[in-house]
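Notes follow once the structure below has been shown.
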Amino acid sequence: MSDSAYPDALPGQYRLHWYVLERVLGQGGFGITYLARDTNLDQPVAIKEFLPAEVASRRPDAAVRARTAEHDERYRSGLDRFIREARTLARFDHPNIVRVHSVFEHNGTAYMVMRFEEGETLAACLERRHALPEADLMRVLLPVLDGLELVHGAGFIHRDIKPDNIHLRPDGTPVLLDFGSARYALGQPRTMTILVAPGYAPFEQYYSTAESQGPWTDIYSLAATCYRAIAGRPPMDAIARSKGILGSAKEVMVPAAAVGAGRYSESLLKAIDAGLAFSEQQRPQSIAEWRKALHSAAAPAPAPRTATPASRPAPDPAPQAAARRPGWLPPILWAGAGAALLGAVLALPQLMRPAANTPPPPAAVAAAPAPVTPQADDATRKRLEALEAQLAEERRRREAAERAEAERKRVAERPRPAPVASQPAKKPPPAREEAKPQPVPVPVVTAAVAPPPAPAPAPVPAPAPPAVKAEPRPADPMALAEAARARGDNAEMVAQLRRAAAQGNAEANFRLGDVYATGRGQPQNNLQAYVYFSLAALDGHAAAGPRRDALTALLQPAEIQQADRLVRERRRSSNERKG
Amino acid sequence: MSARAKRAAACLALAALAGCATDARIKSAIEEVNREFKAQYEEILSTQGTREFRAPAAETFPAVQAALTRLGMRLESRDPELGYLGFAAPAPTPLNDEEWQMVAKADLPMMQNLAARHIGLPAYFISFEPQGLEIVINATVIAEGRRSEVSLTARMRQVKPPPSGMPRRDYAPPTGVRIALEKIWAEIERELKVKGRPI
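See the structure below:
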């Protein structure tokens, strides 16, 4: 794994017992997931290594150790929990839950061995398709609900559901992946620092106590995933929502009922909004409860798609919810009552720390779903329509590039002799390959929910792995970026986009801006997004200017100056090269 | 202060101050602190936010990365073609405990006085809450012939809301910004000197 995008990863061909690592599949806050080969059974597996970057790091001898003595207890505790979690997950045998084969300790950390699933993530699918039609969305959602219900029934919550953690097999069936931040046993306190997915994590998940978390927490994340699938973007982050509800920020979340009106059935949109209720008490409390709401949407004949007369948020079930699960606000907060107490809470955070363990969202937050004006609805719809038109155009271009790239690959690979392993493998490839075609290490990219117009890569006949990569070839970096995106290799996609951007390609600059603005494939960074949108705008990309302008509200004046300086410098050097 | 003493002080303060601070006043207090911190932050950046080094960008860029990393910052984004590096770390990094105490000593009274104009006495119970905040540092390196210009900005990123759920201020304490910048510049200079180049 010489990939510089994963500097903490173990190297390629590294052997863990009888598993030989092949490449990094991904890295999250709690660890790194590798594609590996089980040399005993001669089959690919996915191995997750526990490496919580915040508290631990890799040593030169490959061992993982707590960063400091102070971190040691947290690291040990997290490690124990990781192992316990793997053991419990191994008990689940459900087609829509990732299958855990084994767990073992090595290098001062632990490794969870899981079935390797081919296909692509829902995130990749959504990035390609922007949004999913209702029928496709339900084909993903309902099986995930089944799996999740089993998990909840065993006292677990996933706590990290998002499109990146839902995998779509080539046949379209979903698998819930990465229980990496799952924490055992409802009600137990968590000791690891929280790691949440902005937009997909509910407000209660930003706190370290588990009391306010439960199935409703996963329901929020799943509803947020549905929102992403209908709106083309995730819902507003829960902290930003809290600010909007408090009135300290202008933005409020536009409900699914408004975003998807006319395109999705009202019952589905209502169910999504119910799942996205800000207060956990107002959400469906169990999968069964939420499924009921969804079932009408999943009926064979969906609700008529005519435009709904009004875009309104889900009804406010506050009274029932309040009776259902008391104890959300700690008693001491109610005792003071009113604005004076809010002031005191603000003023005394240090002194009140013991009471602060149970988070007290202000009363306004508990009572009010985000208000949305009809004007806001119209504006949102218009923006969406404009965006959709633009994305459709981009999709057409991408698909053409994909077709060109697939054709180019076929031509490039046809005359090659039999593949030869590029690195000395520790074990020779097994003869079983011939009898049973094995998946190549790179996941086959297929559109699980609905195939794209581009031809799917042909199945690899049966040469011995590791498959020889196509020679590095002089090719259009945009086409290479598309190919990388299609196979889920975000690091390569960004590298190719940067190559194209350095050549003054406006579309590449725009797409880099989008990558950094949305945080898809790279850490979200508004300053970089601003720079790339600015460069795209200067090169005449019509959609870039508004995107850049929208970011100015999120950046400091000093950051904008800093970014503008980079833009000028980049333009200057680019002009010099051209000149 | 012991936990019991803290609780006693809290109860006393609650009893004494009930009815004093409204939502609107709290909001005004936060805005005033933000305004002042922002003004001071921009003033500091205007004098200390950019430095020129007698080293080409190709050398300065990795030196900036090494320096910030050595100060405990985590590299989040690296864009050599653009000349951009993004770092983050839990607050108060890159300050150590001693430096953080200095910041609190210098800036907390100022913040309390600013807030007191709006919410009165409760303002004097406010303290800095670095918990749940990350310091994000943007570093840009621009080639100036055989020299290079490095520019730094910093912001706070909330990864966990305060227990009250109320919004936080947006800008870091000015003394903290000043000390952090001095540390970073010194570390970059040290890094470039190690490579044998006069600064």
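In order, the protein sequence lines correspond to chains A and B.
Note that this note's numbering has the first sequence beginning at 1, numbered continuously upward.
Note that this note's numbering has the second sequence beginning at 580, numbered continuously upward.
We put the CB at the ideal spot given by N, CA and C, even for glycine.
Note that the coordinates shown come from a computational prediction; the quantities given were computed from them, not determined experimentally.
Reduced DSSP category for residue i - H, G, I as helix; E, B as strand; rest coil
i, result
"M478 of chain A", "helix"
"A467 of chain A", "With a pLDDT of 35 at A467 of chain A, under the threshold of 50, the modelled position of this residue cannot be trusted; read the value that follows with caution. Residue state, collapsed to three classes: coil."
"I705 of chain B", "coil"
"V720 of chain B", "strand"
"T754 of chain B", "helix"
"I166 of chain A", "strand"
"G665 of chain B", "strand"
"Y620 of chain B", "helix"
"A448 of chain A", "Here A448 of chain A scores only 28 on pLDDT, less than 50, and its place in the model should not be relied on; the value that follows carries that caveat. The answer is coil: DSSP assigns A448 of chain A none of H, G, I, E or B."
"P300 of chain A", "Interpretation of P300 of chain A is limited by its pLDDT of 45, a score under 50 that renders its predicted location unreliable; the figure taken from the coordinates is listed afterwards. Three-state DSSP puts P300 of chain A in coil, outside helix and strand."
"P359 of chain A", "Only weak support exists for where P359 of chain A lies, its pLDDT of 31 falling under 50; the value from the coordinates is given anyway. The answer is coil: DSSP assigns P359 of chain A none of H, G, I, E or B."
"V631 of chain A", "With chain A represented from 1 up to 579, any question about residue 631 of chain A goes unanswered, as that position is not in the structure."
"P174 of chain A", "strand"
"S573 of chain A", "helix"
"R653 of chain B", "strand"
"I161 of chain A", "coil"
"T626 of chain B", "helix"
"H263 of chain A", "The question names His, but residue 263 of chain A is Arg in the sequence shown. The answer is coil: DSSP assigns R263 of chain A none of H, G, I, E or B."
"R487 of chain A", "coil"
"N288 of chain A", "Reading the sequence as shown, one finds Ala at residue 288 of chain A and not Asn. Note: A288 of chain A maps to helix in three-state DSSP."
"R15 of chain A", "strand"
"E559 of chain A", "helix"
"E611 of chain B", "helix"
"H295 of chain A", "helix"
"L712 of chain B", "strand"
"D8 of chain A", "coil"
"D564 of chain A", "helix"
"E761 of chain B", "helix"
Cβ-based burial, residue i [other Cβ within 10 Å; buried from 16]
i, result
"L294 of chain A", "buried"
"Q522 of chain A", "buried"
"L276 of chain A", "buried"
"R649 of chain B", "exposed"
"W290 of chain A", "buried"
"A702 of chain B", "buried"
"Q562 of chain A", "buried"
"Q496 of chain A", "buried"
"K292 of chain A", "exposed"
"E660 of chain B", "exposed"
"P753 of chain B", "buried"
"A779 of chain B", "Past the edges of chain B, shown from 580 to 778, lies residue 779 of chain B, and the structure says nothing about it."
"E204 of chain A", "buried"
Alpha helix (DSSP H) segment containing residue i, residue limits
i, result
"H697 of chain B", "D676 to I698"
"P641 of chain B", "A636 to R649"
"K638 of chain A", "Not covered by the structure: residue 638 of chain A. The range shown for chain A is 1 to 579."
"Y530 of chain A", "N526 to L538"
"I272 of chain A", "E266 to G275"
"G153 of chain A", "E134 to G153"
"Q496 of chain A", "N490 to A502"
"A258 of chain A", "A256 to V259"
"E127 of chain A", "L122 to R129"
Extent of the continuous beta strand (DSSP E) run through residue i
i, result
"Y516 of chain A", "Not the beta strand (DSSP E): Y516 of chain A falls in the alpha helix (DSSP H), residues A506 to T518."
"E73 of chain A", "Run containing E73 of chain A: none in the beta strand (DSSP E); it sits in the alpha helix (DSSP H), A69 to L89."
"D549 of chain A", "Unbroken run through D549 of chain A is the alpha helix (DSSP H), A544 to T552; no beta strand (DSSP E)."
"R58 of chain A", "A56 to R58"
"Q737 of chain B", "R726 to Q737"
"T672 of chain B", "Run containing T672 of chain B: none; DSSP gives neither H nor E here."
"D38 of chain A", "G31 to D38"
"R23 of chain A", "Y19 to Q27"
"A66 of chain A", "V64 to A66"
"R283 of chain A", "From DSSP, R283 of chain A is part of no beta strand (DSSP E); its letter is neither H nor E."
"M112 of chain A", "T109 to R115"
Residue i CB to nearest heavy atom of the ligand SAH below 7 Å
i, result
"R87 of chain A", "As presented, the structure is devoid of all ligands, the ligand SAH included, so that no description of it is given."
Residue-level contact to chain E via CB, residue i, 8 Å cutoff
i, result
"T639 of chain B", "In the structure shown, chain E cannot be found, because the protein chains are A and B."
Subject >> Residues within the stretch 687-717 of chain B neighbouring chain A, beta-carbon criterion of under 7 Å >> reply: I698, P701, A702, F704, I705, S706, E708 and N717
Original post:
Going along the stretch 522-546 of chain A in order, which residues come within less than 8 Å of chain B, judged by CB to CB distance?
Top reply: Q522, P523, N525, L527, Q528 and V531
Original post:
If you scan the stretch 202-232 of chain A from start to end, which runs of the alpha helix (DSSP H) of 4 or more residues do you find wholly inside it?
Top reply: 215-231
Original post:
Which residues, in order along the stretch 478-511 of chain A, keep a beta-carbon less than 8 Å from a beta-carbon of chain B?
Top reply: R498, A501 and A502
Original post:
If you measure beta-carbon to beta-carbon, which residues of the stretch 658-689 of chain B are closer than 7 Å to chain A?
Top reply: D658, E660, L661, G662, Y663 and G665
**OP:** Output, in sequence order along the chain, the residues in the stretch 17-44 of chain A whose CB is closer than 8 Å to any CB in chain B.
**Re:** none
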